[in-house]
Amino acid sequence: MRSPLQVSPEVSAALAAGGPVVALESAIISHGLPRPGNAAAARRFAAALRARGVTPATIALIDGVPKIGLTPDELERIAADESVVKVSSRDIGIAMARKATGGTTVAAASALAARAGIAVFATGGLGGVHRGAAQTFDESADLTVLSRTPVTVVSAGVKSILDIPATLERLETLSVAVVGYRTSRFPAFWLADSGCELDWRADTPEEVADIMVARRALGEQSALLVANPVPPAAQLDPAALAAALAAAEQRGIRGKGVSPFLLDRIREATGGISVGVNLEIVLGNIAVAGKIAQAFAERTGGSR
Ligand code: PSU
Ligand code: MN
Numbered sequence: 112m113r114s115p116l117q118v119s120p121e122v123s124a125a126l127a128a129g130g131p132v133v134a135l136e137s138a139i140i141s142h143g144l145p146r147p148g149n150a151a152a153a154r155r156f157a158a159a160l161r162a163r164g165v166t167p168a169t170i171a172l173i174d175g176v177p178k179i180g181l182t183p184d185e186l187e188r189i190a191a192d193e194s195v196v197k198v199s200s201r202d203i204g205i206a207m208a209r210k211a212t213g214g215t216t217v218a219a220a221s222a223l224a225a226r227a228g229i230a231v232f233a234t235g236g237l238g239g240v241h242r243g244a245a246q247t248f249d250e251s252a253d254l255t256v257l258s259r260t261p262v263t264v265v266s267a268g269v270k271s272i273l274d275i276p277a278t279l280e281r282l283e284t285l286s287v288a289v290v291g292y293r294t295s296r297f298p299a300f301w302l303a304d305s306g307c308e309l310d311w312r313a314d315t316p317e318e319v320a321d322i323m324v325a326r327r328a329l330g331e332q333s334a335l336l337v338a339n340p341v342p343p344a345a346q347l348d349p350a351a352l353a354a355a356l357a358a359a360e361q362r363g364i365r366g367k368g369v370s371p372f373l374l375d376r377i378r379e380a381t382g383g384i385s386v387g388v389n390l391e392i393v394l395g396n397i398a399v400a401g402k403i404a405q406a407f408a409e410r411t412g413g414s415r
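If you want the working numbering, it's the position in the sequence shown, counting the first as 1, plus 111.
In structure tokens form, the structure reads like this:
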């Protein structure tokens with residue numbers, strides 16, 4: 112059967128040539144960043160990769176078609192259209208049948224990226240285990256999908272709105288490999304250091320690419336998470352974040368609305384500062400992902 116994925120000509124050409132490609136999710140555009148600034152942010156993410164000679168592959172569902180690489184119009188639609196749905200991995204088939212347009216989470220986008228043969232994926236922060244998950248069972252499908260998706264994900268750890276130690280335990284259980292990028296501590300998205308120790312660190316893109324090559328030789332089917340902290344000078348004021356978290360904790364939201372809701376409450380509580388830091392974090396992850404994709408392409412000719 113023909114693949115239902117539609118890979119853009121630009122991404123197809125880069126993959127065929129064995130060039131560096133970095134996949135990007137789009138739920139952060141449709142549901143993570145406030146309108147209207149999210150459209151410019153989405154363009155900046157793609158431009159930052161092109162400026163480094165890396166091909167961006169933004170992933171989304173457009174009228175039911177899973178697209179790997181978006182046109183400028185499609186990117187604009189994901190950012191501007193309020194009817195765009197948040198698509199996690201379990202939603203992909205339903206959204207296809209319904210011809211829905213959706214922003215893809217890390218879970219959905221990394222699964223689609225791996226199917227398209229893309230080795231490196233950049234995002235802001237992963238979903239994870241929510242606080243109180245022992246009662247609510249709220250744990251992002253990002254974790255379970257990464258346990259069976261052979262892709263390298265660059266993220267600033269997981270957000271402080273989550274239960275970070277529990278998230279690290281689940282990543283271990285699920286066999287997702289975690290490497291700190293120039294750090295031995297797991298970052299906490301808006302903060303450079305969550306206080307949680309990591310077993311492994313890598314200090315260069317080449318070291319990460321060597322790990323990817325070894326994992327590929329093993330036939331490893333789980334993801335490698337590269338945890339890249341925000342520069343300490345750019346991080347949110349920990350006191351402001353603590354106050355924002357306290358405000359966000361009184362929530363009456365369930366299901367896939369929880370992450371967007373908490374992000375919005377933190378934006379309000381920090382007077383919008385969290386949004387600028389969020390952008391900086393994504394751009395930092397994109398820069399590292401681009402270098403890793405280049406080092407990996409040099410070693411393998413780009414194939415996953
Ligand atoms: N990180 C951000 N902003 C976001 C998200 C993560 O900085 O919007 C999104 C990602 O798309 C991630 C999703 O995959 O939140 C997790 O949502 P949930 O907890 O519902 O699985
Ligand atoms: Mn959830």
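Here a beta-carbon is modelled for each residue, glycine too, at the ideal position from N, C-alpha and C. Bear in mind the structure is a predicted one, so any value in this text is a computation, not a measurement.
Under 7 Å between C-beta atoms of residue i and residue j
| i | j | result |
| --- | --- | --- |
| I275 | C307 | yes |
| A400 | V133 | yes |
| F156 | I397 | yes |
| G180 | V122 | yes |
| V256 | A224 | no |
| A267 | N339 | yes |
| L302 | V269 | no |
| V198 | T215 | yes |
| R410 | V324 | yes |
| T160 | G213 | Correcting the residue type first, residue 160 is Leu in the shown sequence and not Thr. No. Outside cutoff. |
| A252 | A218 | yes |
| G129 | G412 | yes |
Distance, residue j Cα to residue i Cα
| i | j | result |
| --- | --- | --- |
| G291 | R312 | 4 Å |
| A406 | S141 | 31 Å |
| R281 | R259 | 14 Å |
| A127 | A152 | 28 Å |
| A359 | A124 | 44 Å |
| R146 | L329 | 43 Å |
| A416 | E193 | Any answer about residue 416 is impossible in this case: the structure gives the chain only from 112 up to 415. |
| A191 | G382 | 22 Å |
| D348 | A162 | 31 Å |
| A350 | A380 | 11 Å |
| R201 | R378 | 28 Å |
| A158 | I170 | 15 Å |
| I384 | V289 | 29 Å |
| A245 | G368 | 19 Å |
| A408 | A277 | 34 Å |
| L254 | F297 | 16 Å |
| P177 | D184 | 15 Å |
| R293 | R113 | 42 Å |
| Q361 | E317 | 44 Å |
| R326 | L186 | 33 Å |
| H241 | R154 | 30 Å |
| F300 | A206 | 30 Å |
| I203 | A354 | 36 Å |
| E77 | R188 | Since the displayed the chain opens at 112 and closes at 415, residue 77 lies outside it and no answer follows. |
Reference residue i; option with closest CA among the options
| i | options | result |
| --- | --- | --- |
| L135 | A220, A128 and D314 | A220 |
| A309 | L279, A230, A157 and T216 | Note on identity: in this sequence residue 309 is Leu, with Ala being the wrong assignment. Comparing Cα positions, the closest option is L279. |
| D174 | R161, A211 and P298 | A211 |
| G239 | D375, R376, G383 and L336 | L336 |
| V319 | V262, R113 and A351 | V262 |
| N89 | Q332, P342, A353 and G412 | There is simply no residue 89 to check, as the chain begins at 112 and stops at 415 in what is shown. |
| G235 | R410, V393 and K402 | V393 |
| I403 | R376, D321, G204 and I384 | D321 |
| R376 | P183, G395, A345 and L356 | L356 |
| D304 | P177, A345 and E187 | A345 |
| L352 | V386, I205, E250 and A208 | V386 |
| P371 | A138, S114 and R113 | A138 |
| R365 | T294, F300, F248 and R154 | F248 |
| S295 | G243, E331, D314 and G204 | D314 |
| E331 | A230, E391, E250 and T182 | A230 |
Inter-residue CB distance, residue i and residue j (contact presumed, cutoff 8 Å)
| i | j | result |
| --- | --- | --- |
| V165 | P131 | 5 Å |
| L116 | A227 | 6 Å |
Test: residue i CB closer than 7 Å to a CB of chain D
| i | result |
| --- | --- |
| D192 | Given the protein chain composition of this structure (a single chain), no chain D is represented. |
- At which residue ranges does the region 229 to 299 contain complete alpha helix (DSSP H) runs of 4 or more residues, listed in the order of the chain? 244 to 247, 252 to 257 and 275 to 284
- Item | 4 or more residues per run - each alpha helix (DSSP H) lying fully within the region 131 to 181 | Taken in chain order, the complete alpha helix (DSSP H) segments of 4 residues or longer contained in the region 131 to 181 are 148 to 162.
- Message: Threshold first: 3 residues or longer. Then list the beta strand (DSSP E) segments lying entirely within the region 306 to 340, N to C.
- Response: With a minimum length of 3 residues, the unbroken runs of beta strand (DSSP E) contained wholly in the region 306 to 340 fall at 335 to 338.
- Where are the beta strand (DSSP E) runs, 3 residues long or more, that stay fully inside the region 204 to 229, in chain order? Given a length threshold of 3 residues, each whole run of the beta strand (DSSP E) inside the region 204 to 229 is given here in chain order: 213 to 215.
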